[in-house]
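*Asks:* Numbering (our numbering), first residue to last: -10 to 299. First, the structure itself, so that you have it in front of you.
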Amino acid sequence: MFGRLETSKHIIPDETECSSRRDALSKLILLPVLSSTPEFSWAATDSPFSFQQAESSQLAVGLLEARVTENVLSPPPYGMEVPDIIYPSWFQGTWQISSRTTDVQAPCGAALFGGNATLERAKNEIGTTLQYDARFISTTTSTGAIVADRYYNVQSIAKAAMGEFSVMDIPVATPNKLTCVLLPKGSPRMLQVDLIALNRRQETISDLQFDCSEVTREIVAPVNNNNAPPQQQPQSNNNNNNNNNPILKEIETTSLYTYNPSKNEITCQQRSATFLLPSQTSPIAYKMWEAARGRPIDTRFYQVRYTKKG
């Protein structure tokens, strides 16, 4: 569900298209795709946020709304509270989604955001809208819980953002991990995108209001000719960017949903916050992580509208 990816021109050579592709890739996270089957495994233990304990489920309702409306810059205080996001019954069905970027901020300054040019390109996205379809389905379990149809949703948003034939494969689609292989239109190389859920919280505010949030680790790397997964590729020990070096971020995406039954419409106020990870191979990346002091380097806000189809 959450954040922004800082792609590198070494991975996507056409720098003029970096911002839009970065935005498209990150929208894979903003879309609720990490919830669909009862299969569950706990989060990775090396995340800056993985120290959160199960007791975080006792945090007061209203926490998620405050993180969005007050633009809270501290790391999320909740842990992996639920094995899946279970949506209210009014989510069931197929929806046409209109997602409009309303604001882009650099809490740690332009340098950590990626430079003035990168920040300017990102701000040019303000006011733009991406339209795509999303589907929510009932599980086959006795509870009949409503969950996101990950496979359908990823294909839909990738095609809308990166081209009709951009999705090459989705080999993994479980509640806590999604892997997709993409070939963005105009790109000479395929990219493998891994989304790993680390923290998750949901709050039922009322019969018509529902809030949820996830922290996701995003790993983006070019697919090499030997077809080995990016995580298994050797990484350079020098300080320069390398074509095989994956890009890693952790992104908190928080969504505040309101259902209007008279219009059969859902509106959503959404914030993504991108956090740096410490690097053991790049001194520069490590210094950037230190400079951020636990704050997000990139926060973005969206107004999203769900219109029922059929």
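C-beta atoms are modelled at their ideal positions from N, C-alpha and C, and glycine is treated no differently. Note that the coordinates shown come from a computational prediction; the quantities given were computed from them, not determined experimentally.
(1) Need the endpoints of the beta strand (DSSP E) that residue 238 sits in, please.
(2) Between residue 160 and the ligand NAP, is there a pair consisting of the residue's CB and a ligand heavy atom that are separated by less than 7 Å?
(3) Please report the distance separating the alpha-carbon of residue 320 from that of residue 113.
(4) Taking 8 Å as the threshold (beta carbon to beta carbon), is residue 187 in contact with chain D?
(5) In terms of residues, what are the limits of the beta strand (DSSP E) holding residue 252?
(6) Going by the DSSP bridge assignment, what does residue 201 pair with across the sheet?
(7) From residue 196 to residue 115, what does the alpha carbon distance come to, in whole angstroms?
(8) Rounded to the nearest angstrom, what separates residue 200 and residue 243 at their Cα positions?
(9) Going by the beta-carbon positions, is the gap between residue 143 and residue 126 smaller than 8 Å?
(10) Do residue 177 and residue 151 count as a contact pair if the criterion is CB distance below 8 Å?
(11) Quick check: the Cα distance between residue 263 and residue 251, rounded to an integer number of angstroms?
(12) Can you tell me where the alpha helix (DSSP H) holding residue 69 begins and where it ends?
(13) Should the stretch 86 to 103 be regarded as contacting the stretch 286 to 298, the criterion being three or more beta carbon pairs within less than 8 Å?
(14) Using DSSP with H/G/I as helix, E/B as strand and the rest coil, what is residue 63?
(15) Taking the straight line between their C-alpha atoms, what separation do you get for residue 87 and residue 80?
(16) Check for me: the beta strand (DSSP E) holding residue 135 runs from which residue to which?
(17) Sort 128, 211, 269 by Cα distance to residue 78 and report the nearest one.
(18) Mind checking whether residue 120 and residue 162 have CB atoms under 8 Å apart?
(19) Hey, could you find the ends of the beta strand (DSSP E) residue 277 is sitting in?
(20) Which value, in whole angstroms, describes the spacing of the CA atoms of residue 267 and residue 261?
(21) Can you tell me the Cα-Cα spacing of residue 238 and residue 51, whole angstroms?
(22) Between the Cα of residue 259 and the Cα atoms of 276, 193, 241, which residue gives the shortest distance?
(23) Please report the straight-line C-alpha distance between residue 168 and residue 188, rounded to a whole angstrom.
(24) Provide the residue span of the alpha helix (DSSP H) that contains residue 112, from first to last.
(25) To which residues of the same chain is residue 118 closer than 6 Å at the C-beta, ignoring the five residues directly before and after it?
(26) Tell me which residues share the same chain as residue 294 and place their Cβ nearer than 6 Å to its Cβ, disregarding the 5 neighbours each side in the sequence.
*Replies:* Here's the rundown:
(1) 236 to 249
(2) Inclusion of the ligand NAP in the displayed structure is not the case, the ligand content being empty and no account of it being possible.
(3) The question about residue 320 has no answer here: the residues shown for the chain are numbered -10 through 299.
(4) Protein chain content of the structure displayed is limited to a single chain, and chain D is not contained in it.
(5) Unbroken run through residue 252: none, as it is neither H nor E.
(6) Looking at the DSSP assignment, residue 201 forms a beta bridge with 191, 244.
(7) 32 Å
(8) 7 Å
(9) no
(10) no
(11) 36 Å
(12) Segment: none, residue 69 is in no alpha helix (DSSP H) and carries neither H nor E.
(13) yes
(14) coil
(15) 15 Å
(16) 135 to 137
(17) 128
(18) No, Cβ-Cβ distance for residue 120 and residue 162 is not below 8 Å.
(19) It is not in any beta strand (DSSP E) - residue 277 instead sits in the alpha helix (DSSP H) that spans 272 to 281.
(20) 20 Å
(21) Roughly 26 Å separates the two Cα atoms.
(22) 241
(23) One alpha carbon belongs to residue 168, the other to residue 188, and they sit about 18 Å apart.
(24) 105 to 112
(25) 87, 89
(26) 87, 256
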